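Trainee: Next up is a structure, given as structure tokens.
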Ligand SMILES: Cc1cc2nc3c(=O)[nH]c(=O)nc-3n(C[C@H](O)[C@H](O)[C@H](O)COP(=O)(O)OP(=O)(O)OC[C@H]3O[C@@H](n4cnc5c(N)ncnc54)[C@H](O)[C@@H]3O)c2cc1C
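Residue numbers (the working numbering): 14 to 471.
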């Protein structure tokens, strides 16, 4: 039996995954390992107990979610209000980055580049990492309920990211939803979804590989197009008789259009088909076919279906979400991120669960976390609230792997009073993926990621 480069890639990925998630070099065989998707034990059914945390010496700020917004918030607020106690409640055991995960999926980088240590972040920045799942709150008594006990807070900051909303495809058919989640995960939440998707790509033999782009302000506008490019690039490099079929619910590419469309055409003409205005109407997962609302039918050998996104479940569970039409995102003041309503005073929502039309991206969440930290620290210290300023969106997308060429966008936001919504204050893009320019942006992509990980964990 021959051992191909694809086998080697797969093996190294699986081994790296086992290593990264178990935190030691022990063999991953037989005994169950904690996967990156593993969450803390389920919530107690009956009575609750206090979390094993020492009494807070100063005001206690509890952050739910250790993603891009929660990590930057926790570090910054502790820096600005050092006498406050900061506790980060996070369901995962280790951090896995979504940015650059598309490169990992096609074997271009190691998992070690994406995974990071929550305990190190907490030690380095003098806050507490509390591994548990938050499932409710007694807002009157300022107490958060978690799977590892109740935590009293003075300020509560929710940074829980997104959840998926499959209802537009399934119309309440939970069997279909379970099959879509399990067999064809979107790969827009880190952990098992990413590992499944990576194995699908590395195992792919031939035929159509379907990817989708949802409508609305979904997580990371360019990421589905980047993923399509990189999987097509992999098929091309490995001589696989496969084609990426990218079905976009939107009327056209939603961001960096010039860069992506020219790459689709010039680099991946034989390996990638792009279909705008293509909303899937019916799935036949046994026959492996789908049909769009305009009656186009596609067969597929494999797929990753990305549904609409919504605010994370905990936001709804705490009674802090807008309605379904507004995607159950946080009902907050646009300029302070504080939840609306007197009963929700001192509760803030940051990151991809926010309702503002900012890019749902890591850089935006990181910048916003720091801005909101200033506001919360000011309140802790009894100072005046700082003036609002815009978060910054910087987002690189890889177009090819060997070598890495990339394109980028850089944007900030301003509030349009007439529309009652945010729009770009300025936005500039670099969409030339070819030659020296694309290569330089490719290097910038890695420098950006290293800088962000340093910023959140060191
Ligand atoms: C494939 C892909 C590529 C991307 N590429 C880029 C890119 O190049 N650049 C970029 O800037 N952005 C990129 N993004 C987007 C970026 O990853 C997200 O926008 C960012 O992670 C949002 O940060 P967040 O803090 O809101 O949520 P997350 O980072 O998702 O963090 C939320 C955290 O909350 C935890 N949590 C949720 N509920 C609970 C609970 N009840 N109790 C305890 N913990 C809870 C979760 O476990 C999670 O760790 C990409 C995303 C994907 C999927």
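Beta carbons: idealized from backbone N, C-alpha and C, even for Gly. Keep in mind that this is a model prediction, so the values were computed, not measured.
Excluding sequence positions up to five away, which residues of its chain have a Cβ less than 6 Å from the Cβ of residue 417?
Mentor: Excluding positions up to five away in sequence, the list reads 411 and 455.
Trainee: For chain C, is any of its Cβ atoms less than 8 Å away from the one on residue 398?
Mentor: Within the model displayed, chain C is absent; a lone protein chain is all it includes.
Trainee: Looking only at its own chain, which residues have a Cβ that is under 7 Å from the Cβ of residue 96, when we skip the five neighbours before and after it?
Mentor: Within the same chain, residue 96 has close Cβ partners 71.
Trainee: Taking the DSSP output, what are the residues bridged to residue 439?
Mentor: Residue 439 pairs with 425.
Trainee: Mapping DSSP to helix, strand and coil, what is residue 233?
Mentor: In the structure shown, residue 233 sits in coil (DSSP, three-state: anything other than H, G, I, E or B).
Trainee: Three-state secondary structure (DSSP) at residue 177?
Mentor: Three-state result, residue 177: strand.
Trainee: For residue 171, list the residues DSSP reports as bridge partners.
Mentor: In DSSP, residue 171 forms a bridge with 77 and 362.
Trainee: Heavy atom of ligand 1 less than 7 Å from the Cβ of residue 128, yes or no?
Mentor: Checking the Cβ of residue 128 against ligand 1 gives no.
Trainee: Please tell me whether, using a cut-off of 7 Å, the distance from the CB of residue 242 to the nearest non-hydrogen atom of ligand 1 is below it.
Mentor: Residue 242: no, Cβ never under 7 Å from ligand 1.
Trainee: Determine the DSSP secondary structure at residue 204, reduced to helix, strand or coil.
Mentor: Residue 204 falls in the coil class under three-state DSSP.
Trainee: Please return the same chain residues whose Cβ sits closer than 6 Å to the Cβ of residue 206, not counting the five positions on each side in sequence.
Mentor: Closer than 6 Å at Cβ, skipping near neighbours: 198 and 200.
Trainee: How far does the beta strand (DSSP E) with residue 367 in it reach, from first residue to last?
Mentor: Unbroken run through residue 367: none, as it is neither H nor E.
Trainee: To the nearest angstrom, report how far apart residue 404 and residue 370 are at their CA atoms.
Mentor: So the two alpha carbons sit approximately 12 Å from each other.
Trainee: Can we say the segment 373-386 touches the segment 180-195, given the rule of at least three CB pairs closer than 8 Å?
Mentor: At 8 Å Cβ cutoff, the stretches do not touch.
Trainee: If you run the structure through DSSP and keep just helix, strand and coil, what is residue 163?
Mentor: Strand at residue 163.
Trainee: For the beta strand (DSSP E) holding residue 389, just list the boundary residues, first then last.
Mentor: Looking at the DSSP string, residue 389 is not in any beta strand (DSSP E); the run it does join, the alpha helix (DSSP H), is 375-393.
Trainee: Could you tell me the boundaries of the alpha helix (DSSP H) in which residue 372 lies?
Mentor: No alpha helix (DSSP H) holds residue 372; DSSP gives it neither H nor E.
Trainee: Around the Cβ of residue 352, are there at least 16 other Cβ atoms within 10 angstroms (buried) or fewer (exposed)?
Mentor: Under this definition residue 352 is a buried residue.
Trainee: Quick check on the DSSP output: the beta strand (DSSP E) that includes residue 297 runs from which residue to which?
Mentor: 293-297 is the extent of the beta strand (DSSP E) around residue 297.
Trainee: To the nearest angstrom, how far is the alpha carbon of residue 130 from that of residue 202?
Mentor: The straight-line gap from Cα to Cα measures roughly 18 Å.
Trainee: Heavy atom of ligand 1 less than 7 Å from the Cβ of residue 325, yes or no?
Mentor: Yes.
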